[in-house]
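Some notes on the structure that comes next.
Number of protein chains: 2
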Amino acid sequence: MARATTTSDAFNAVAEPRRREILSYLAGAERPVGEIVAALGIEQPSVSKHLRVLKDVGLVRMRCQGRQKLYRTNAEAIRPMHEWAGTFEQFWKRTLVGVKERAEAKVRQKARE
Amino acid sequence: MARATTTSDAFNAVAEPRRREILSYLAGAERPVGEIVAALGIEQPSVSKHLRVLKDVGLVRMRCQGRQKLYRTNAEAIRPMHEWAGTFEQFWKRTLVGVKERAEAKVRQKARE
DNA sequence: ACATTACATGCCTATATCGGAATATGTCAA
DNA sequence: TTGACATATTCCGATATAGGCATGTAATGT
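Read top to bottom, the protein sequences are chains A and Y. Going by the working numbering, the final residue of the first sequence carries number 117, and the count climbs one at a time with no gaps. Going by the working numbering, the final residue of the second sequence carries number 117, and the count climbs one at a time with no gaps.
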């Protein structure tokens, strides 16, 4: 078998660095394809393909305006990923607390010497 | 050109559903490979390969104990992804606020009719 | 030393890209 | 209608998987 399709879910779509750039660029602001091409310095066909993938998984929304197509990031679709990563927050926080505690114990140890 | 390697960064490594399962399973608890195989019902060679990818990008840590190898999720490595997704939080919150406001405006509109 | 246990790795195949170049589609303007 | 402009799609080649199977390797027990 081969790798999962990029259109299977947001996690796969976002694995591509260029697509993350596009998402950031389109966050909070609607923009035509041409501007994305100019701003990010990516070939136009390439941008169109990335936008297609992003649209298929719902990470961007599109609206036609004359001969332009305005894209914008659909932040809502990023939320599940944020939440998934967030389930690990307790563990990295715990680790940091552990590090801090061990450091402090070391200081106390030194003081006793 | 082909797709980016899964070993290039955490985003690519996490794009694989099985690997996300493994990460969740190994969060907060060290476990030998055999237990992962049994718990998740994945072929042993497959688990080993996924663990290799996860280890290469620092998403898991490994420790030898006799003939067993104990793996555990390194939550710290998931943090950057949480933060990246978090940069969009303001936008989905804004959207929700907008939805709420529009809904309320509609209610007021109805009341005036 | 030998068998067993616990993993890791190598090989193979089918497939899903990603980028580049060329081309197709769709919209507006004169 | 013809042409220009804005995007999308197709075809191509190179490559990176993911899974299945067989095998290699390291540590332990007898």
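Ideal Cβ placement from N, Cα and C applies to all residues, glycine included.
Please classify residue i: is it buried, with 16 or more other beta-carbons within 10 angstroms of its beta-carbon, or exposed?
i, result
"A/L27", "buried"
"A/M85", "buried"
"A/V43", "Looking at the sequence provided, one finds Ala at residue 43 of chain A rather than Val. With fewer than 16 Cβ atoms within 10 Å of its Cβ, A/A43 is classed as exposed."
"Y/R23", "buried"
"A/L55", "buried"
"A/L63", "buried"
"Y/A115", "exposed"
"Y/A109", "exposed"
"Y/V57", "buried"
Expressed to the nearest angstrom, what Euclidean distance is found between the alpha-carbon atoms of residue i and residue j?
i, j, result
"Y/P21", "A/D13", "10 Å"
"A/E34", "A/E105", "47 Å"
"A/E25", "Y/L30", "30 Å"
"Y/S50", "A/V18", "24 Å"
"Y/R83", "Y/Y75", "19 Å"
"Y/E47", "Y/A107", "51 Å"
"A/M66", "A/Q72", "10 Å"
"Y/E11", "Y/K59", "A small fix is needed here, since residue 11 of chain Y is Thr in this sequence, not Glu. Between Y/T11 and Y/K59, the C-alpha separation is close to 9 Å."
"A/E87", "Y/K53", "26 Å"
"A/R7", "A/R112", "52 Å"
"Y/G32", "Y/G45", "20 Å"
"A/V101", "A/M5", "42 Å"
"A/A89", "Y/F95", "18 Å"
Compare the Cα-Cα distances from residue i to each of the options and report the closest residue.
i, options, result
"Y/T91", "A/L100, A/R98, A/A6 and A/N78", "A/N78"
"Y/R98", "A/E80, A/A19 and A/E47", "A/E80"
"Y/G70", "Y/D60, Y/F15, Y/T9 and Y/P36", "Y/P36"
"Y/N16", "Y/E39, Y/I40 and Y/V61", "Y/V61"
What is the residue span of the beta strand (DSSP E) that residue i lies within?
i, result
"A/L74", "Q72 to T77"
"Y/V64", "V64 to Q69"
Is DSSP giving residue i helix, strand or coil here?
i, result
"Y/V37", "helix"
"A/R98", "helix"
"A/D13", "coil"
"A/V18", "coil"
List the endpoints of the continuous alpha helix (DSSP H) containing residue i.
i, result
"Y/M85", "R83 to G90"
"A/R23", "P21 to Y29"
"Y/V57", "Q48 to D60"
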